[in-house]
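Numbering (my numbering), first residue to last: 2 to 358. For each residue, glycine too, the CB sits at the ideal point set by N, CA and C.
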Ligand SMILES: NC(=O)c1ccc[n+]([C@@H]2O[C@H](COP(=O)([O-])OP(=O)(O)OC[C@H]3O[C@@H](n4cnc5c(N)ncnc54)[C@H](OP(=O)(O)O)[C@@H]3O)[C@@H](O)[C@H]2O)c1
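Structure, rendered in structure tokens:
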């Protein structure tokens, strides 16, 4: 057997047909017309031109979309729609004309999603059967995984989310025939090194015990996501900005006020939460792979901690003297995202971003 595919979920009452069109060279094709459901076109030879009402024609596919200045409409199932990234993602995706179904646990969140023009489905990612039904019903092109379990500050809970939660979500995606999974990961679980890590640096599977749970959780999440035919793993830097831990009144502002942030040599990479959400939208059409989504300036704690303290109005932490940098605390390089994917963060430096907090 060379290949096998799970048939996609077909809602009750749905109808499918296959039509073959033979058009002679130079034929202008059909006049503009509407289709009531998803239509798939396979070109054997030649070129298919889509024409949006009021727009100019563009060849089918992402390249055509770019050339024609219009976006492909993507059906997105967004798990984590109410999270710190998800909340920003929903209006961005809807604003680009995509069809969004958000996974929520509370009816008030369902109402909020609908008010933005998205659909909502109630469910818990730990209910594997419920997830299969939810994803099948949404019949998405892309499953977007922005789930974490960090509100309680419990690392074990977040590891469980990365392993079991991701497993259920990916299983549901595969069962529904979803082609692409885009998932949130982190950019500080690379092996030790002397320069900011690129995406090809292995994960730090030999980490000490205090860090190993995170690394294994990430490895498990990423391995599951890679089972999808197409996938993008967004390895985010430390999120900062409104609603995150690194904000005025946020968890890290409190930690800093208690003297709990070390202004030492450990290097971190940051990303503004708006840039994190923007990258997730762009990842709908990025090639399969890992992408560090971080700003341009990985920095040691001795630089960013005092700036953060000033920005959030807490007494500056004395700068630590001496002390070795942890080898893994190296930051991450965004060169691939910037140069190959043309990703342009609105906040290229945490220095400006912190100052605006
Ligand atoms: N790279 C980073 O630095 C990074 C990344 C992510 C988060 N964080 C930090 O963590 C803080 C908390 O993150 P957050 O606000 O995104 O909250 P969170 O509690 O981690 O939840 C994230 C999302 O996952 C959903 N979720 C959690 N458990 C679920 C389950 N069992 N079934 C279905 N959905 C579930 C949540 O839904 P509900 O609304 O129903 O709970 C929410 O939509 C942020 O302020 C941020 O600073 C940092």
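In this structure, does DSSP put residue i in helix, strand or coil?
| i | result |
| --- | --- |
| residue 64 | Per-residue confidence for residue 64 stands at a pLDDT of 42, beneath the threshold of 50, marking its modelled position as unreliable; the derived number appears in the next sentence. Helix at residue 64. |
| residue 194 | coil |
| residue 343 | coil |
| residue 337 | helix |
| residue 24 | coil |
| residue 356 | helix |
| residue 31 | coil |
| residue 126 | coil |
| residue 162 | helix |
| residue 105 | strand |
| residue 76 | strand |
| residue 262 | coil |
Assuming residue i and residue j form a contact by the criterion Cβ under 8 Å, report the distance between their Cβ atoms to the nearest whole angstrom.
| i | j | result |
| --- | --- | --- |
| residue 149 | residue 81 | 7 Å |
| residue 343 | residue 297 | That belief does not hold up - the Cβ atoms of residue 343 and residue 297 are roughly 15 Å apart, past 8 Å. |
| residue 96 | residue 74 | So it is not a contact: roughly 12 Å between Cβ atoms. |
| residue 161 | residue 186 | Contact flag wrong, Cβ pair sits at about 16 Å. |
| residue 249 | residue 314 | 7 Å |
| residue 1 | residue 105 | Residue 1 falls outside the range modelled here, since the chain spans only 2 to 358, and no answer is possible. |
| residue 93 | residue 278 | 6 Å |
| residue 244 | residue 274 | 7 Å |
| residue 270 | residue 295 | 4 Å |
| residue 177 | residue 136 | 5 Å |
Checking the sheet assignment: what are the DSSP bridge partners for residue i?
| i | result |
| --- | --- |
| residue 268 | 301 and 331 |
| residue 250 | Answer is none; residue 250 lacks a bridge partner. |
| residue 185 | 235 |
| residue 167 | DSSP output for residue 167 lists no bridge partner at all. |
| residue 293 | 236 |
| residue 146 | 80 and 184 |
| residue 273 | 241 |
Quick one: using the 10 Å Cβ neighbour count with 16 as the cut-off for buried, is residue i buried or exposed?
| i | result |
| --- | --- |
| residue 127 | exposed |
| residue 155 | exposed |
| residue 215 | buried |
| residue 91 | buried |
| residue 157 | exposed |
| residue 209 | exposed |
| residue 141 | buried |
| residue 288 | exposed |
| residue 196 | exposed |
- request: Say whether the segment 193-207 touches the segment 316-332, bearing in mind that this needs 3 or more beta-carbon pairs closer than 8 Å, one atom from each stretch.
  value: Yes: at least three Cβ pairs fall under 8 Å.
- prompt: If you pair each beta-carbon of the segment 117-137 with each one of the segment 163-179, do three or more pairs fall below 8 Å?
  reply: Two segments are said to touch when three or more pairs of C-beta atoms, one from each, lie closer than 8 Å; by this definition the segment 117-137 touches the segment 163-179.
message: Does the segment 259-269 come into contact with the segment 293-307, if we say contact requires no fewer than three beta-carbon pairs (one atom in each stretch) closer than 8 Å?
response: Output reads yes: the segment 293-307 touches the segment 259-269.
query: Contact between the segment 273-282 and the segment 219-230: three or more CB pairs below 8 Å?
result: Not touching, per the Cβ criterion.
Cβ contact (3+ pairs, closer than 8 Å) linking the segment 204-213 and the segment 186-196: Below 8 Å, enough C-beta pairs join the segment 204-213 and the segment 186-196 to call them touching: three or more.
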